[in-house]
């Protein structure tokens, strides 16, 4: 396999469907079209009969689109065949395309990889495409679409260009080290650029809403055994997800439900009841519950109103996640006005109030409606943090040579964000996220 090969793959979902899309990219694309249906007019959907070039057998009738290079997604000659989505039709058309010399099946993400290599998209746009494919809620899709459209690229490349200017000023100061007035002026200008960049990168890093939106708001239901955690999970999910029993310690493992609240992703987790446990299985369940709560964005502390009020254990209150008291079983023991939410997981009373509270927390914690680009991946955060550290070192470095080196380090990390420099080690990980055909 080589990058010069022409590649093809089914770009639509697998299985029976009304329409299937087969993509082709590479230098032999026009030859493939001539062989199976004739070369149509560029960038116009043409209804064609598709035939097997080996037997001239009719395979299907469908729409054919031809995109000559360089004005295509990959930057190469490309084509799309829109055929009927039956398995036999798709298999026969793919077999006919693969019968042309120099054509092979695409590897996962290879179309996007070629688009990157040909300068059509940068790494942040590639990651935005991957997130767009995997988006489960409207807000996730909007964020991914903005990133795929170049919002992060514009921001990061703008920072990089300004950093390169500061680097050029510092290098100029080295070249004219014997002229004190020139050295002082360029140093002042470079310091101003770096100070401005630090003032913009630091708050950008402090905003974690983009990562939370991409991953979902993690909400953990915690409480004593038999407080009704599994019943509450089922009520919020509107289906039976967890086993509900009067026997204490029924839930011993982590149970997750993904909710879509106003287009925002919320991951709701049911955990084992927190108490002094005797059995090894329950002890492990409690350990997992505390670990999940420690990583949560919000903890719902469930209180059984028929029993004395139980306070959250120190292991929860010491964590960073806010704790929302939720009083359950008000159908058995009504409560007066109190902090948090009061409800009955059994009758449904108060569930809408809790859902409204979760929606409000999600809107506050996630990047919903955010106009400015936000960090969405750990890779972005790592490169930006490394660049920021280098810029901070620049401010304290004494020798001009050391200052110039710190600027080179910072510029390299910013360049790695978009794929400008030194990115071979991250390419495989990024493109492997895609399905075949993208």
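Numbering (the numbering used here), first residue to last: 1 to 438. Where a beta carbon is used, it is the ideal one built from N, C-alpha and C, also for glycine.
>> Three or more C-beta pairs under 8 angstroms: does that hold for the segment 391-403 against the segment 225-232?
In response: Counting C-beta pairs with one atom in each stretch, the segment 391-403 and the segment 225-232 have fewer than three that are closer than 8 angstroms, which means they do not touch.
> Alpha carbon to alpha carbon, how far is residue 28 from residue 77?
Replying inline: Along the chain shown, read from residue 1 onward, the residue named residue 28 stands at position 28. Along the chain shown, read from residue 1 onward, the residue named residue 77 stands at position 77. A straight line joining the alpha-carbon of residue 28 with that of residue 77 spans about 8 angstroms.
> If you draw a straight line from the alpha carbon of residue 347 to that of residue 132, how long is it in whole angstroms?
Replying inline: Here residue 347 corresponds to residue number 347 of the chain shown, with the count starting at 1. Here residue 132 corresponds to residue number 132 of the chain shown, with the count starting at 1. Straight through space, the alpha carbons of residue 132 and residue 347 are spaced by roughly 38 angstroms.
>> Let me check understanding here. Comparing Cα to Cα, which of 358, 363, 305 lies closest to residue 336?
In response: As a working note, residue 336 is residue 336 in the chain shown. Here the closest residue by C-alpha is 305.
> What span of residues does the alpha helix (DSSP H) with residue 299 cover, start to end?
Replying inline: As a first step, residue 299 is located in the chain shown; it is residue number 299 there, counting from the start. Under the DSSP assignment, residue 299 falls outside any alpha helix (DSSP H), being part of the beta strand (DSSP E) whose first and last residues are 298-304.
> With which residues is residue 10 paired in a DSSP beta bridge?
Replying inline: Here residue 10 refers to the residue found at position 10 of the chain shown. Answer by DSSP bridge pairing, in chain order: 22.
> Based on Cα-Cα distance, which residue from 129, 237, 91 lies nearest to residue 352?
Replying inline: Your numbering for residue 352 matches position 352 in the chain shown. It is 237.
>> Strictly by DSSP, which residues pair up with residue 85?
In response: As a working note, residue 85 is residue 85 in the chain shown. DSSP, once it has assigned bridges, lists 17 as partnering residue 85.
>> With distance defined between alpha-carbon atoms, name the residue in 107, 316, 212 nearest to residue 324.
In response: As a first step, residue 324 must be located in the chain shown, where it is residue number 324. For the residues 107, 316, 212, the minimum Cα distance to residue 324 belongs to 316.
>> Are there any heavy atoms of the ligand FMN lying less than 7 angstroms away from the beta-carbon of residue 136, as far as the coordinates show?
In response: With respect to the ligand FMN, the structure offers nothing, as it holds no ligand at all.
> Just how far apart, CA to CA, sit residue 340 and residue 195?
Replying inline: Translated into the one-based positions of the chain shown, residue 340 becomes position 340. Translated into the one-based positions of the chain shown, residue 195 becomes position 195. Our two residues, residue 340 and residue 195, have alpha carbons roughly 44 angstroms apart in a direct line.
>> Using 8 angstroms for Cβ pairs, my map puts residue 440 next to residue 296. What's the rounded Cβ distance?
In response: Coverage of the chain is limited to positions 1 through 438, which leaves residue 440 absent and any answer about it impossible.
> Got a sec, what are the start and stop residues for the alpha helix (DSSP H) residue 126 sits in?
Replying inline: Position 126 of the chain shown, counted from the start, is the residue given in the question as residue 126. 123-134 is the span of the alpha helix (DSSP H), which, as asked, contains residue 126.
>> Distance check for residue 313 and residue 122, CA to CA, integer angstroms please.
In response: For the purposes of this step, residue 122 is identified with residue 122 of the chain shown, where counting begins at 1. For the purposes of this step, residue 313 is identified with residue 313 of the chain shown, where counting begins at 1. Between residue 122 and residue 313, the C-alpha separation is close to 47 angstroms.
>> Just list the residues that DSSP pairs residue 220 with in beta bridges.
In response: Taking the chain shown and counting its residues from 1, one reaches residue 220 at position 220. DSSP, once it has assigned bridges, lists 269, 299 as partnering residue 220.
>> Just to confirm my understanding: we take residue 15, look at its own chain, exclude 5 residues before and 5 after, and list those with CB closer than 6 angstroms. What are they?
In response: Walking along the chain shown from the start, residue 15 turns up at place 15. Listed in chain order, the non-local C-beta contacts of residue 15 below 6 angstroms within the same chain number zero, local neighbours out to five positions each way being set aside.
> What do you reckon, are the CB atoms on residue 188 and residue 404 nearer than 8 angstroms?
Replying inline: For the purposes of this step, residue 188 is identified with residue 188 of the chain shown, where counting begins at 1. For the purposes of this step, residue 404 is identified with residue 404 of the chain shown, where counting begins at 1. Going by beta carbons, residue 188 and residue 404 fall outside the 8 angstroms limit.
> Relative to the C-alpha of residue 259, which residue among 138, 36, 151 is closest?
Replying inline: Looking up residue 259 in the chain shown gives position 259. Among 138, 36, 151, the Cα nearest to that of residue 259 is on 138.
> Expressed to the nearest angstrom, what Euclidean distance is found between the alpha-carbon atoms of residue 101 and residue 136?
Replying inline: For the purposes of this step, residue 101 is identified with residue 101 of the chain shown, where counting begins at 1. For the purposes of this step, residue 136 is identified with residue 136 of the chain shown, where counting begins at 1. Approximately 40 angstroms between the Cα atoms of the pair.
> Opposite residue 261 in the DSSP bridges: which residues?
Replying inline: If you number the chain shown from 1, residue 261 lands on position 261. Residue 261 is bridged to 264.
> What residue range is occupied by the uninterrupted alpha helix (DSSP H) comprising residue 510?
Replying inline: The structure shown does not extend to residue 510, since the chain is modelled only from 1 to 438, so the question has no answer here.
> Leaving out five residues before and five after residue 395 in sequence, what residues of the same chain have Cβ atoms less than 7 angstroms from its Cβ?
Replying inline: Locating residue 395 in the chain shown gives position 395, where the first residue counts as 1. The residues are 194.
> Assuming residue 210 and residue 374 make a contact with CB atoms under 8 angstroms, what is their CB distance in whole Å?
Replying inline: Within the chain shown, numbered from 1, the residue matching residue 210 stands at position 210. Within the chain shown, numbered from 1, the residue matching residue 374 stands at position 374. Your pair residue 210 and residue 374 checks out as a contact, with CB atoms roughly 3 angstroms apart and the cut at 8 angstroms.
> What are the start and end residues of the beta strand (DSSP E) that includes residue 64?
Replying inline: Reading the chain shown from its first residue, position 64 is the one you call residue 64. Run containing residue 64: 58-67, per the beta strand (DSSP E) assignment.
>> My output table needs one value for residue 410: the three-state DSSP class, helix, strand or coil.
In response: Here the question's residue 410 lines up with position 410 in the chain shown. Residue 410 carries a helical assignment under DSSP once its states are collapsed to helix, strand and coil.
>> What would DSSP say about residue 198, mapped onto helix, strand or coil?
In response: Position 198 of the chain shown, counting from 1, holds the residue named residue 198. In this structure, DSSP gives residue 198 a helical state, which the three-state scheme calls helix.
> Contact check, residue 140 vs residue 128 under 8 angstroms by CB: the rounded distance?
Replying inline: The residue labelled residue 140 in the question sits at position 140 within the chain shown. The residue labelled residue 128 in the question sits at position 128 within the chain shown. Approximately 11 angstroms separates the beta-carbon atoms of residue 140 and residue 128; this is outside 8 angstroms, ruling out the contact.
> Relative to the alpha-carbon of residue 319, which residue among 308, 120, 293 has its alpha-carbon at the smallest distance?
Replying inline: In the chain shown, the residue the question calls residue 319 occupies position 319. Distance check between residue 319 and each of 308, 120, 293 places 293 closest, using alpha-carbon atoms only.
> Smallest Cα separation from residue 349: which of 360, 43, 332?
Replying inline: Taking the first residue of the chain shown as 1, we reach residue 349 at position 349. Considering only 360, 43, 332, the residue with the shortest C-alpha distance to residue 349 is 332.
> Thinking C-beta only, is residue 42 closer than 8 angstroms to residue 73?
Replying inline: Position 73 of the chain shown holds residue 73. Position 42 of the chain shown holds residue 42. It is not a contact, given that the beta carbons lie outside the stated cut-off.
>> My assumption, with CB atoms under 8 angstroms, is that residue 60 sits in contact with residue 50. Please give the rounded CB distance.
In response: Position 60 of the chain shown, counted from the start, is the residue given in the question as residue 60. Position 50 of the chain shown, counted from the start, is the residue given in the question as residue 50. That pair is a contact at about 5 angstroms.
> Going along the chain, which residues of its own chain have a beta-carbon closer than 6 angstroms to the beta-carbon of residue 245, five neighbours each way excluded?
Replying inline: Taking the chain shown and counting its residues from 1, the one referred to as residue 245 is at position 245. In this prediction, residue 245 scores a pLDDT of 42, lower than 50, which makes its location untrustworthy; the coordinate-derived value is nonetheless stated afterwards. Taking residue 245 as the centre and dropping the five residues before and after it, the same chain places no C-beta closer than 6 angstroms to its C-beta.
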